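J.: To start, I am sharing the structure in question, which I have written as C-alpha cells.
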Amino acid sequence: MTRQIKDIMSTDCVTAKMEDNVYELAVLMRDHNIGFVPIVDGQKLIGIVTDRDLVVRGYAEKHSGSTAVSEVITTDIVTIDSSTSVDEAAGIMASNQIRRLPVVENGNLVGIVAIGDLAVREIFVNEAGDALSSISQQNHNEHHHPVVH
C-alpha cells in the first residue's frame with residue numbers, strides 16, 4: 009500500500025500573516041526552532057518565508073525589523089495535497105531542490121511535510137525491516153542462545 013503525505017505531515021503549523029513584520033517572523037523562527045513560516049490569510053496559504061528569505065531579501069537589503077512580510081515573502085511556491093504519495097513528494101522535493109512542502113486542500117494550509125519527515129520515517133521503516141529480518145535469522149540459527157536485552 010502506498011503511503012500518503014497525510015500519514016506523515018505535521019499539522020501543528022506555525023504560521024504568520026501579511027500584517028506581521030520581519031522581526032516577528034524571526035522571533036517565531038527562533039522560538040519554535042524552525043526556518044520556514046507559511047503566510048496565511050485565515051487558513052488560505054498566501055506564500056512562505058524562510059530564514060534565507062529573511063537574510064537575503066530582508067536584512068542583507070538593509071531592511072529593518074519593522075519591514076513588512078510582503079518585502080520578503082515567496083508567493084510562487086510548490087504545494088501538494090494530502091493524498092500525494094510519499095514517493096511523489098520526495099521526487100517533487102528533489103526536482104525542485106526544496107526541503108519543505110506546504111500541504112494544501114482547496115487553497116487552505118492543512119500541513120507541512122519536511123524532507124526530514126520523509127527521511128526519518130523512510131529510513132526508520134527500512135532499517136527496522138532490515139533489523140527485524142536480521143534478528144529473525146539470528147534467532148532461527150541460534151535456538152540454543154536466548155537473546156536478552
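If you read the sequence shown in the working numbering, its first letter stands for residue 9, the second for the next number, and so on.
Beta carbons are placed, not taken as given, at the ideal position from N, Cα and C, and that holds for glycine.
Being a predicted model, the structure only gives us computed values, none of them experimental.
(1) Please report how far the alpha carbon of K167 lies from the alpha carbon of S90, in whole angstroms.
(2) Under a three-way DSSP split, which group does S103 fall into?
(3) Please look up how many angstroms separate the CB atoms of G55 and T82, rounded, as I've assumed it's under 8 Å.
(4) With DSSP as the reference, label I120 as helix, strand or coil.
(5) Could you spell out the range, first to last residue, of the beta strand (DSSP E) harbouring E113?
(6) What do you get for M26, buried or exposed, if any count of 16 or more other CB atoms within 10 angstroms of its CB means buried?
(7) For a quick check, are the C-beta atoms of A97 and V118 less than 7 Å apart?
(8) Measuring CB to CB, does R11 end up less than 7 Å from V111?
(9) Between the stretch 18-33 and the stretch 60-79, can you find at least three pairs of beta-carbon atoms closer than 8 Å?
(10) DSSP three-state call for V63: helix, strand or coil?
(11) For D59, I'd like the list of residues in its chain whose CB is within less than 7 Å of its CB, leaving aside the five on either flank, ordered along the chain.
(12) What number of angstroms, rounded off, separates the C-alpha of V45 from the C-alpha of D84?
(13) Excluding five sequence neighbours on each side, which residues of the same chain lie with their C-beta closer than 8 Å to the C-beta of R61?
(14) My output table needs one value for K1: the three-state DSSP class, helix, strand or coil.
T.: On the basis of the supplied data:
(1) No statement about residue 167 is possible, as the shown extent of the chain runs from 9 to 157 and does not include it.
(2) DSSP places S103 in the helix class (H, G or I) of the three-state scheme.
(3) Indeed, because the Cβ distance is near 5 Å, the residues count as touching under 8 Å.
(4) In the three-state reduction of the DSSP assignment, I120 falls in the strand class.
(5) In the DSSP assignment, E113 falls within the unbroken beta strand (DSSP E) covering 108-113.
(6) Counting Cβ neighbours within 10 Å, M26 comes out exposed, since fewer than 16 surround it.
(7) By the CB criterion at 7 Å, A97 and V118 fall outside the cutoff.
(8) It is not a contact, given that the beta carbons lie outside the stated cut-off.
(9) Three or more beta-carbon pairs separated by less than 8 Å link the stretch 60-79 to the stretch 18-33, which places the two stretches in contact.
(10) Secondary structure of V63 (DSSP, three-state): helix.
(11) Only M37, G43 meet the Cβ criterion.
(12) Each residue's Cα considered, the two are about 14 Å apart.
(13) In the sequence on display, residue 61 carries Asp and not Arg. If we look at D61 and ignore the five residues flanking it on each side, its Cβ neighbours are V80, I81, T82.
(14) The structure shown has nothing for residue 1, since the chain only spans 9 to 157.
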